[in-house]
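The structure appears right after this line, and notes come after that.
Numbering (the numbering used here), first residue to last: 2 to 241.
Here you go:
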């Protein structure tokens, strides 16, 4: 009786397995990349109610970030400027600008401008701005600069998300914060670079911290050999 299937058909199980492995790998990578915050979030820059230039205000005019984001050192949220804050200048400056009618309408009606939030951590993750603006105590006091998370705001005509703000990205810093530490007085300094003296000090300061997510700092041995566990270094530091 003649063979129904050709001889090469015997190779189909191996080809199917190969195709499954390769196809599964490609699909997994595609989902990992295109579904990750590096692809979905980085570069996000929504249209705002006013075409506000951070390059002009934070860069050319060197207005400190804290003038508009007044709560960044005092609370969990940095805050956005109120109409009053904007009018402190624009009641006198650039009053005829074609970009500012929404501001004057807000001032007239008392209705707040609806700025679109760009940087946002998930609701199930607790993030406190003030806790990052000042870490450590005494001589070991330091800060995470605005630039670390938000990028060179002073060069952006339109602000876009610069970092993924993902769990993995946060843990990378929490596990090794030294490269991102800077003097408290340089919190808002854009383009700040650490010299060798500060880099050495930052490494020392990092050893005194127990940031949430730093697994290496979650448990340490005390002077008598007892195991000391730091609650803030566990999952509950961010997932409360």
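Yeah, the Cβ is synthetic: ideal placement off N, Cα and C, and Gly gets one too. In this text the structure is predicted, and so the values were computed from the model without any measurement.
- In this model, residue 165 and residue 14 are separated by some 41 angstroms (Cα to Cα).
- Runs of the alpha helix (DSSP H) spanning 4 or more residues and lying entirely within the segment 92 to 116 occur at 102 to 110, in chain order.
- Rounded to whole angstroms, residue 149 and residue 237 show a C-alpha spacing of 24 angstroms.
- With respect to residue 100, residue 154 sits apart: the two C-beta atoms are not nearer than 7 angstroms.
- One alpha carbon belongs to residue 185, the other to residue 131, and they sit about 12 angstroms apart.
- The beta carbons of residue 144 and residue 183 sit closer together than 7 angstroms.
- Put simply, of 117, 197, 209 and 188 the residue whose alpha carbon is nearest the alpha carbon of residue 138 is 209.
- Where residue 220 is concerned, the enclosing beta strand (DSSP E) starts and stops at 220 to 222.
- Contact check between the segment 111 to 121 and the segment 79 to 99: three or more CB pairs, one atom from each, fall below 8 angstroms, which counts as touching.
- Contact check for residue 167 and residue 7: beta-carbon distance about 51 angstroms, past the 8 angstroms limit, so the pair fails to qualify.
- In the structure shown, the three-state DSSP call for residue 136 is strand.
- DSSP, reduced to helix, strand and coil, places residue 197 within a helical segment of the structure shown.
- Fewer than three Cβ pairs drawn from the segment 196 to 211 and the segment 58 to 67 lie within less than 8 angstroms of each other, which leaves the two stretches out of contact.
- With a cutoff of 7 angstroms on beta-carbon distance, residue 44 and residue 161 are scored as near each other.
- Residue burial annotation: residue 29 is exposed, with fewer than 16 other C-beta atoms found within 10 angstroms of its C-beta.
- The beta carbon of residue 141 is closer than 6 angstroms to those of 206 and 209 in its chain, skipping five residues each way along the sequence.
- Selection 191, 159 and 189 evaluated against residue 49 yields 159 as nearest (Cα-Cα).
- As for any alpha helix (DSSP H) of minimum length 4 sitting wholly inside the segment 144 to 197, the runs are 147 to 151 and 168 to 176, ordered along the chain.
- Rounded to the nearest whole angstrom, the CA to CA distance from residue 188 to residue 147 is 6 angstroms.
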